[in-house]
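Student: Can you keep this structure in mind? I'll have questions shortly.
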Amino acid sequence: MTQSSNTPYEELEVGQTATFSKTVEERDILLFAAVSGDHNPVHLDAEYAATTMFKERIAHGMFSGALISAAVACTLPGPGTIYVSQQMTFQKPVKLGDSLTVRLEILEKRPKFRVLIATRVFNQNEELVVDGEAEIIAPRKAFTVELATLPPISIG
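Each step along the sequence shown adds one to the number in the UniProt record's numbering, with nothing skipped, and position 8 is 8.
As structure tokens, then:
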């Protein structure tokens, strides 16, 4: 098991940053389709996707949103964070094999432990693929948790 520590509201500072990275694999697309129920052929069917403006399969837009959620929940502020809202715009398609990096930046500390965070996702070419902002309720106290180890999942 791995551990994850949080940053409580009092210790958060405007301008503070953190990153979270993941490479998009075939398995991710299939599992995301299964979990979300989004079986749009642009994500799953190469032949169909070739006829679209993207010319190839792309990842679900909300897959990037899920990575933002993981970054906020596990990195900054980390465990104990409560999501209030997320605004995002999709700037460029995410393709299979892309290495994505979520970059978080604390923009504003608000009353009642609320915090505004810039949530941007970049691909391996430093191209902005998702731009957004989240409002969260930050944890009040510092703590460390053990992150659950997920069981192996077979596809097929």
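Virtual Cβ for every residue (Gly too), placed ideally from N, Cα, C.
Looking only at C-alpha atoms, which of Ala118, Arg110 and Ala59 sits nearest to Met88?
Tutor: What you label residue 88 is simply residue 88 of the sequence shown in a count that begins at 1. Ranking Ala118, Arg110 and Ala59 by Cα distance to Met88 puts Ala118 first.
Student: Glu133 to Glu127, Cα distance in whole Å?
Tutor: Residue numbering aside, residue 133 sits at position 133 when the sequence shown is read from its first letter. Residue numbering aside, residue 127 sits at position 127 when the sequence shown is read from its first letter. Using only the alpha carbons, I get a separation of about 17 angstroms.
Student: Classify Pro152 as buried or exposed, calling it buried when 16 or more other Cβ atoms lie within 10 Å of its own Cβ.
Tutor: As a working mapping, residue 152 is identified with position 152 in the sequence shown. Under this definition Pro152 is an exposed residue.
Student: Below 6 angstroms CB to CB, which residues in the same chain sit around Phe54 once its five sequence neighbours on both sides are set aside?
Tutor: As a first step, residue 54 is located in the sequence shown; it is residue number 54 there, counting from the start. Closer than 6 angstroms at Cβ, skipping near neighbours: Pro93.
Student: Indicate the three-state DSSP secondary structure (helix, strand or coil) for Leu12 in the structure shown.
Tutor: Position 12 of the sequence shown, counting from 1, holds the residue named residue 12. If DSSP states are grouped into helix, strand and coil, Leu12 belongs with coil.
Student: Within the same chain, show all residues whose beta-carbon is closer than 6 angstroms to that of Ala102, passing over the 5 residues directly before and after it, in chain order.
Tutor: Along the sequence shown, read from residue 1 onward, the residue named residue 102 stands at position 102. Here residue 102 turns out to be Val, not Ala, going by the sequence shown. If we look at Val102 and ignore the five residues flanking it on each side, its Cβ neighbours are Phe20, Leu67, Ile68, Ala71 and Val121.
Student: Return yes when the Cβ of Ile137 is within less than 7 angstroms of the Cβ of Arg114, no when it is not.
Tutor: Indexing the sequence shown from 1 puts residue 114 at position 114. Indexing the sequence shown from 1 puts residue 137 at position 137. Yes, Cβ-Cβ distance for Arg114 and Ile137 is below 7 angstroms.
Student: Quick one: residues in its chain with C-beta nearer than 6 angstroms to the C-beta of Ala18, no 5 flanking neighbours on either side, listed in chain order?
Tutor: Looking up residue 18 in the sequence shown gives position 18. Hits under 6 angstroms: Thr75, Leu76 and Leu104.
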